[in-house]
Structures are given as C-alpha cells and as structure tokens.
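**Student:** Sequential numbering of the sequence shown, starting at 3, is according to my numbering.
We put the beta carbon where it would ideally sit given N, CA and C, even for glycine.
None of these values were measured; they are calculated from a predicted model.
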Amino acid sequence: MHRTIHPVVPPRVDYRLTALGLTLLDTVCTLMGWAVDHADDIDEARAAYDARLER
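1) Taking the CB atoms as reference points, tell me whether arginine 18 and histidine 4 lie closer together than 8 Å.
2) Determine whether the beta carbon atoms of alanine 37 and isoleucine 44 lie at a separation below 8 Å.
3) Could you give the first and the last residue of the continuous beta strand (DSSP E) run that contains valine 10?
4) DSSP three-state label for arginine 57, please.
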C-alpha cells in the first residue's frame, strides 16, 4: 500500500495499492464475494459457537 500525507487542515491521507498489492485484488474480491454469498451461514456458525461457549 502506498500512503500519501497532505499537509493540510484538516489532515488528509490518501492510500493506493502498489503494483504488488494489485496482484492480490482478484483473490480478495473472490473472498469478499464468498463471504457475502455465505453471510447467513457464517452468522449461524458464529451463533452456534457462541452458544457452546456460554454453557
């Protein structure tokens, strides 16, 4: 990630992916899509796990 700080008030910082970071973009987008598609399953698994801990 590349970070640019601008000397202004209020402070401003811009971020952008480096060439190396861009190589991960497709992989991260695929993971995000999977998470969205399985959000209900993830919530159910979390609730089941939490219920086991409360015993």
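**Tutor:** Put simply:
1) Here residue 18 refers to the residue found at position 16 of the sequence shown. Here residue 4 refers to the residue found at position 2 of the sequence shown. Between arginine 18 and histidine 4, the C-beta gap is smaller than 8 Å, which places the two residues in contact.
2) For the purposes of this step, residue 37 is identified with residue 35 of the sequence shown, where counting begins at 1. For the purposes of this step, residue 44 is identified with residue 42 of the sequence shown, where counting begins at 1. Contact: yes.
3) For the purposes of this step, residue 10 is taken as residue 8 along the sequence shown, with counting starting at 1. Per DSSP, valine 10 belongs to no beta strand (DSSP E) and is neither H nor E.
4) Start at 1 with the first residue of the sequence shown, and residue 57 comes out as number 55. Coil, per DSSP.
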